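Okay, so here's the structure we're looking at.
Protein chains: 2
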Amino acid sequence: MITVIAGGVGAARMLRALLQVIDSSEVTAIVNVGDDLELHGLRISPDLDTVTYTLADAINPETGWGLVNESWQARSMLEQYGGVSWFGLGDRDLGTHLYRTHRISEGADLTTVTAEIVSAWGLGLNVLPATCDRLRTMVTLASDDPSNDHFKSLTAGSEISFQEYFVQRHHSVPVSAVRFDGAESCQPGPGVIDAINDADLIVIAPSNPIVSIAPVLAVPGIRDALINRRNVVTAVSPIIAGAALKGPADRMMSELGHDASVLGVAALYKDFVSTLIIDSKDSRQKKAIQDLGLRCVVTETVMSKPGVSESLALTVLAGANL
Amino acid sequence: MITVIAGGVGAARMLRALLQVIDSSEVTAIVNVGDDLELHGLRISPDLDTVTYTLADAINPETGWGLVNESWQARSMLEQYGGVSWFGLGDRDLGTHLYRTHRISEGADLTTVTAEIVSAWGLGLNVLPATCDRLRTMVTLASDDPSNDHFKSLTAGSEISFQEYFVQRHHSVPVSAVRFDGAESCQPGPGVIDAINDADLIVIAPSNPIVSIAPVLAVPGIRDALINRRNVVTAVSPIIAGAALKGPADRMMSELGHDASVLGVAALYKDFVSTLIIDSKDSRQKKAIQDLGLRCVVTETVMSKPGVSESLALTVLAGANL
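Take a look at the structure:
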């Protein structure tokens with residue numbers, strides 16, 4: 005049994021790689037919900053959907069999020085009304101949010117609804133939200149952010165939601181802090197702690213350490229459960245040669261005082277990770293990572309390259325001595 | 005100034021006819037919200053939307069509701085999930101519901117949001133929901149209703165929402181009672197009482213008396229305001245030769261003990277209506293209607309016939325001696 009701690013895009017690719025070499029019934033993903041939002045009355049869980057859509061081969065290749073064969077009629081109407089349209093909701097994607105919102109209004113928890121959605125896409129893995137409770141990643145702006153066509157002016161020190169940072173501002177503004185609102189009072193989702201305790205191997209996917217992995221760890225009990233299983237926890241670095249493949253992980257790490265490098269990742273993860281897989285480009289850092297008390301495996305990690313995803317998956321499995 | 009008490013389809017046609025002969029700035033529609041529902045987290049106001057879409061020449065001609073050039077991608081996804089899809093939400097139409105829901109979540113009342121939507125469609129009339137508060141038309145089944153693919157079995161005496169009756173069961177089940185949930189505690193929407201008090205002419209549109217007009221009258225203050233203005237209130241009968249042009253008005257009137265005829269309409273309306281316009285097919289009933297204390301005007305009222313809508317509009321205006 006393999007459990008993967010997952011954000012969105014990077015985690016979805018890691019999961020897809022693992023599913024090339026192991027049966028889906030052996031895999032559980034514990035997915036970040038700090039990016040979730042309520043918009044237009046709808047419950048939206050971007051990372052859960054990115055994982056599901058990617059594994060179903062239904063992710064929109066043009067955008068990297070949302071569904072393939074998408075149309076945008078609802079959004080066009082919203083724009084006609086002058087409504088809030090910066091968060092892209094495609095018509096097909098809306099079907100997912102309508103379903104999720106309806107089921108939750110009927111009393112189903114997010115874990116149950118997620119399982120229903122994953123099953124409807126014909127997927128065999130177990131996808132678990134880190135928590136069913138409200139957990140929201142909040143970002144503090146490091147500097148004044150002038151208004152533009154889409155949003156109002158904010159001063160340095162203002163706190164905004166993750167999606168206001170990530171989507172509305174295209175993660176192009178510096179941040180001074182990240183906080184997980186609701187973390188103190190939320191509970192791990194059903195099955196989450198068991199999936200950590202019972203796993204033969206736990207993988208920290210190559211997701212943003214600050215806003216994808218950290219909010220999962222912020223759910224009380226999850227970080228401690230990982231620390232207890234440290235000897236079977238392998239992380240794949242999302243930072244390659246000082247940069248993230250996608251998204252603001254490198255900048256966020258720097259802005260928040262971490263080293264935007266595999267060493268910075270190792271420092272953030274060393275309490276609950278025993279093996280760090282880094283890209284060949286970072287091979288010179290292997291010794292320094294070992295000096296932090298981690299095993300270090302060097303391999304190709306850019307999964308968009310032909311053949312890499314399967315070999316990386318095998319390395320992940322082998323690195324854990326399974 | 006003309007104020008029209010309105011349901012959905014019939015009222016939208018009456019309003020369209022009136023707008024052929026008078027300026028839209030002279031017209032206020034007070035629209036039924038008893039059909040409203042919350043579904044998938046969204047605020048849906050079918051009669052408000054039917055009026056708006058019809059007057060904007062954007063109503064879907066194939067369905068009679070919803071928007072033209074519609075697509076159904078969200079609904080297809082909902083069906084893939086096994087979700088609730090009996091209430092048809094087209095992709096473009098969803099944009100309206102997303103906008104309404106979002107604005108209400110921001111604190112705007114339904115009157116404000118409705119004005120924004122009407123304005124975005126370039127319409128000049130004043131469209132007012134009868135109330136901004138929760139008012140729901142509930143229908144009691146007269147007989148057992150066996151289950152089918154789309155809904156569960158119900159016994160006689162069960163109370164269901166209007167849309168469960170109208171859309172889910174295609175208004176094909178007999179009813180024993182209609183109730184307006186929330187009527188006791190709701191307030192007339194902003195401008196509604198003024199629109200009645202200040203009107204030179206008030207028109208009761210040819211809408212279903214039981215489930216379109218009655219829920220407007222059920223809002224405390226509206227019926228009394230109409231009674232006070234009875235001498236300028238003209239109704240257009242929705243019943244022609246014992247039948248409704250569309251929908252279950254005739255059956256509902258019979259089932260609830262009213263005469264499904266222009267006489268039945270006259271009896272329901274006589275306290276607050278001074279002039280009843282009936283179709284030429286019902287000309288023999290003129291005397292009986294007059295005997296009930298109403299003026300009666302006989303004319304062509306089937307607005308789908310060429311030329312009728314404009315002449316009916318002129319008759320409505322003339323019948324009130326304006």
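So the sequences go chain by chain: A and B. Numbering-wise (this note's numbering), the first sequence opens with residue 5 and increments by one. Numbering-wise (this note's numbering), the second sequence opens with residue 5 and increments by one. Ideal Cβ positions, reconstructed from N, Cα and C, are used throughout, including at glycine. Just so it is clear, the structure is predicted and the values come from calculations on it, not from any experiment.
Contact list for residue i against chain B, beta-carbon separation under 9 Å
{"i": "A/L46", "result": "H44, G45, L46, L102, T105"}
Chain-ordered chain A contacts of residue i [CB-CB under 7 Å]
{"i": "B/E168", "result": "Neighbours of B/E168 on chain A: none; closest Cβ ~15 Å, over 7 Å."}
{"i": "B/D95", "result": "S75, Q77, A78, D95"}
{"i": "B/L98", "result": "A78, L98"}
{"i": "B/S109", "result": "G45"}
Residue range of the unbroken beta strand (DSSP E) whose run includes residue i
{"i": "A/D283", "result": "279-283"}
{"i": "A/S341", "result": "The question about residue 341 of chain A has no answer here: the residues shown for chain A are numbered 5 through 326."}
{"i": "B/S165", "result": "163-165"}
{"i": "A/V177", "result": "Segment: none, A/V177 is in no beta strand (DSSP E) and carries neither H nor E."}
{"i": "A/N130", "result": "130-133"}
{"i": "A/V13", "result": "No beta strand (DSSP E) contains A/V13, which is instead part of the alpha helix (DSSP H) from 13-25."}
{"i": "A/I206", "result": "205-208"}
{"i": "A/G255", "result": "In the sequence as presented, Gly is not what sits at residue 255 of chain A; that position holds Arg. No beta strand (DSSP E) holds A/R255; the alpha helix (DSSP H) holding it covers 253-259."}
{"i": "A/L145", "result": "140-145"}
7 Å Cβ cut-off: residues of chain B touching residue i
{"i": "A/I121", "result": "Y85"}
{"i": "A/M81", "result": "R96, G99, T100"}
Within chain A, the residues that residue i reaches when beta carbons sit closer than 9 Å
{"i": "B/D53", "result": "Neighbours of B/D53 on chain A: none; closest Cβ ~11 Å, over 9 Å."}
Cβ-Cβ separation, residue j to residue i (assumed contact under 8 Å), whole Å
{"i": "A/V8", "j": "A/L19", "result": "6 Å"}
{"i": "A/I208", "j": "A/I217", "result": "6 Å"}
{"i": "A/P210", "j": "A/T305", "result": "7 Å"}
{"i": "A/A10", "j": "A/A33", "result": "5 Å"}
{"i": "B/L102", "j": "B/I108", "result": "B/L102 to B/I108, Cβ: 11 Å. No contact."}
Spatially closest choice to residue i from the options, by CA coordinates
{"i": "B/K58", "options": "B/G246, B/I48, B/G70", "result": "Note that residue 58 of chain B corresponds to Thr in the displayed sequence, not to Lys. Ranking B/G246, B/I48, B/G70 by Cα distance to B/T58 puts B/G70 first."}
{"i": "A/L82", "options": "A/Q191, A/L316, A/G94", "result": "A/G94"}
{"i": "B/A124", "options": "B/A134, B/R104, B/Q84", "result": "B/R104"}
{"i": "B/G251", "options": "B/T238, B/I214, B/E30, B/V196", "result": "B/I214"}
{"i": "A/F276", "options": "A/L230, A/I293, A/A160", "result": "A/L230"}
{"i": "A/R96", "options": "A/E74, A/G297, A/V117", "result": "A/E74"}
{"i": "B/A119", "options": "B/G161, B/P194, B/P65, B/N152", "result": "B/P194"}
{"i": "A/S241", "options": "A/M307, A/V220, A/D40, A/D149", "result": "A/M307"}
{"i": "A/S313", "options": "A/G12, A/G14, A/A21", "result": "A/A21"}
{"i": "B/T141", "options": "B/T67, B/P50, B/K156", "result": "B/P50"}
{"i": "A/G161", "options": "A/V143, A/H175, A/S176, A/E168", "result": "A/V143"}
{"i": "B/D228", "options": "B/K274, B/N64, B/Q84", "result": "B/K274"}
{"i": "A/L132", "options": "A/I63, A/P210, A/P224, A/I200", "result": "A/I200"}
{"i": "A/P224", "options": "A/G126, A/A60, A/T135, A/G86", "result": "A/T135"}
{"i": "A/L43", "options": "A/A60, A/D148, A/L98", "result": "A/L98"}
{"i": "A/Q289", "options": "A/L272, A/R255, A/T303, A/V266", "result": "A/V266"}
Cβ-based neighbour list, residue i, same chain, cut-off 6 Å, excluding 5 preceding and 5 following
{"i": "A/G268", "result": "M257, H262"}
{"i": "A/I244", "result": "D283, K285"}
{"i": "A/A16", "result": "T54, V55, T58"}
{"i": "B/A322", "result": "none"}
{"i": "A/V171", "result": "F91"}
{"i": "A/L46", "result": "H101, T105"}
{"i": "B/E163", "result": "M142, T144"}
{"i": "B/L41", "result": "I48, Q167"}
Listed by chain order, chain B residues near residue i by CB distance under 8 Å
{"i": "A/V88", "result": "H106"}
Contacts of residue i in chain A (Cβ-Cβ under 8 Å)
{"i": "B/A124", "result": "Q84, Y85, G86"}
Enclosing alpha helix (DSSP H) for residue i [first to last residue]
{"i": "A/E42", "result": "Where A/E42 is concerned, there is no enclosing alpha helix (DSSP H), although the beta strand (DSSP E) it sits in stretches over 41-43."}
{"i": "A/P219", "result": "218-221"}
{"i": "A/A62", "result": "A/A62 -> no alpha helix (DSSP H), and no H or E assigned at all."}
{"i": "A/T115", "result": "114-124"}
{"i": "A/A270", "result": "266-273"}
{"i": "B/N201", "result": "196-201"}
{"i": "B/M81", "result": "77-84"}
Residues of its chain near residue i, where Cβ-Cβ distance is below 8 Å and the 5 sequence neighbours each way are ignored
{"i": "A/E259", "result": "A146, P178, V179, S180"}
{"i": "B/A222", "result": "G38, L139, F184, A187"}
{"i": "B/S189", "result": "D137"}
Cutoff 7 Å; reference residue i; Cβ partners in own chain excluding five residues on either side
{"i": "B/T100", "result": "D53, I121"}
{"i": "B/S29", "result": "G128"}
{"i": "B/P65", "result": "V72"}
{"i": "B/V220", "result": "I9, I34, N36, A134, I226"}
{"i": "A/L298", "result": "A270, K274, V277, S278, T279, L280"}
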